[in-house]
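If you're matching positions, the sequence shown starts at 3 in the numbering used here and goes up one per residue. What follows is a set of notes on a single structure, which appears directly below.
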Amino acid sequence: MVDKVLGAYVLADLAFAATGGVLVGFSIIVKNTMNNAPVDGTEAVENLIYQEFPLTAGIVNGILVFVTFLLTIPAMITPTRGWLKLSYFFIVSSALFSVILGLYMWILTLRTKEDFSPIWDKQTTQIQDLMQTQFACCGYFNSTSPAFVTDSTCPSPAAAALMRGCAAPIASFVNVFVDDLFTGVFGMAGVDLALLLATACLLKDRKERARFRYIDAKVEGRGM
């Protein structure tokens, strides 16, 4: 008969390992591409926001997930509870790590408009041009603060004065963009929680089985 408790644990464990792959893969890809020249304003903003992300911490967390997964393999194939207990503490550590990463990303959305201002100031006129064109705006807070970049969207001071600043549309875009990402990170923490529950259930199941084996052994011993 299929051991349903162990089966649930294996499924949760595989999902847990998959989150590690996502963390490492996403972080490495972004680290390798975020400094590339953007083709439009949306990509420019994404690359700039990526540079504020804790990507190295994401890689470390992904590696922690893989180490934990390796610890769960002997926990699955041996009937004892020692490996399970050890992996439990590693799963808790990974879950806390994921929650911290998610909270860090969420904090980035609290003052997006103000925090993006110094980032805007550091960009070249070409990057500012891309963002002005993409979001149909001139300057950051307004056309004079800081001064807009002359382009097809903002061809003159008079035309630029009639346009909105880029702060509001960029902040709105960044908040939606980052919201989706940190929701995904919190979802990974949810997978961690599912594995913790599966581990607790498997620990209880093995404890019960060990107790019944002990009782059976005593009964057989008396029968002899």
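The beta-carbon is built from N, C-alpha and C at its ideal position, and this holds for glycine as well. All of these numbers come straight from a predicted model, not from anything done at the bench.
Give the straight-line distance between the Cα atoms of residue i and residue j, rounded to the nearest whole angstrom.
i    : j    : result
V67  : K124 : 36 Å
I20  : I65  : One point to set straight first is that residue 20 is Ala, not Ile, in the sequence displayed. Using only the alpha carbons, I get a separation of about 12 Å.
V4   : F184 : Any answer about V4 is weak, because its pLDDT of 45 lies below 50 and its placement is not dependable; what the coordinates show is given next. Near 37 Å, if we compare the C-alpha coordinates of F184 and V4.
D15  : L57  : 24 Å
A200 : V24  : 21 Å
A170 : S145 : 13 Å
V2   : N63  : Since the first and last residues shown for the chain are 3 and 226, residue 2 lies out of range.
R113 : C203 : 42 Å
G84  : F71  : 15 Å
G192 : I51  : 25 Å
S29  : T127 : 28 Å
V266 : S96  : Here the chain covers residues 3 to 226 and nothing more, so residue 266 does not appear.
I121 : L8   : 50 Å
K87  : G60  : 25 Å
F188 : A196 : 13 Å
E210 : M78  : 16 Å
L110 : P157 : 33 Å
K115 : V69  : 39 Å
A160 : F150 : 11 Å
G27  : L103 : 16 Å
L198 : S174 : 36 Å
V41  : K6   : 51 Å
P148 : F137 : 16 Å
D131 : C168 : 11 Å
L98  : E45  : 31 Å
Mind checking whether residue i and residue j have CB atoms under 9 Å apart?
i    : j    : result
F179 : V47  : yes
F55  : M133 : no
D182 : I93  : no
C140 : I172 : no
P81  : R208 : yes
M165 : T155 : yes
N34  : Q53  : no
Residue i: which of the options sits nearest, CA to CA?
i    : options                : result
G186 : T201, D207, S100       : S100
A17  : T74, Y52, F175         : T74
V176 : N38, G27, G43, N34     : G43
A39  : I129, D153, A160, K209 : I129
L205 : D131, Y90, A162        : Y90
K118 : G22, K6, V26, N49      : In the sequence as displayed, the identity of residue 118 is Phe instead of Lys. Answer by Cα proximity: N49.
M190 : E45, A10, L105         : L105
Per DSSP, what are the beta-bridge partners of residue i in this structure?
i    : result
T146 : A149
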